[in-house]
Amino acid sequence: MTAYTIETWLRGKVDFDIPEEAIMAILFDNKVAAGIPATETSEKERDLCLADLLMWLSSSSVSSSGEMISDNGWTHQKSAKQVVDRNGLIKRAQALYAKWDSDKAKTAVGAKITFKPIY
């Protein structure tokens, strides 16, 4: 039986295809070894990795368009996805950072937009 790795756990927490490089960078930044079973990581390690993943999603240009595959009458269509609730992702990440008193809680902020009159 294949181990349920930390990478698989992280991917299971979000509904997006995350590049392997992003997952590896998040694990590296949190000093978590790649390929280890999720059960061998602490709750803190999982939470902080997840918070980083949520921040990555909130600042990424993640979108995927629909794709249709057909073969001799059989068809399968993948739906289009796009990150919409960036502030919601940031708030979830902030809560996880705050839970573990991480310094990242102070820097986990969304983009501030200021409207100025143009005339």
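Count along the sequence shown from 1, add 456, and you get the number used in the numbering used here. Positions of the beta carbon are idealized from the N, C-alpha and C atoms, including for glycine.
Starting from the Cα of residue i, find the closest Cα among the options and give me that residue.
i, options, result
"A507", "T458, Y460, L483", "L483"
"L504", "D527, T495, T461, V488", "V488"
"V565", "P573, D485, Y553", "Y553"
"E501", "N543, P475, E463, T531", "E463"
"E477", "L509, I525, K469", "L509"
"T563", "T531, A549, I574, P573", "A549"
Is the CB-CB distance between residue i and residue j below 7 Å?
i, j, result
"I479", "S514", "no"
"A494", "W512", "no"
Please state whether DSSP places residue i in a helix, a strand or coil.
i, result
"I574", "coil"
"A564", "coil"
Using a threshold of 6 Å, is the CB atom of residue i nearer than that to any non-hydrogen atom of the ligand SAH?
i, result
"P475", "Among the components modelled here there is no ligand, and therefore nothing to report on the ligand SAH."
What is the C-beta distance between residue i and residue j, in whole angstroms, given that I count them as a contact (C-beta under 8 Å)?
i, j, result
"T461", "I492", "7 Å"
With a floor of 3 residues, list each beta strand (DSSP E) that falls wholly inside the segment 459-541, ordered by position along the chain. Taken in chain order, the complete beta strand (DSSP E) segments of 3 or more residues contained in the segment 459-541 are 523-527, 530-534.
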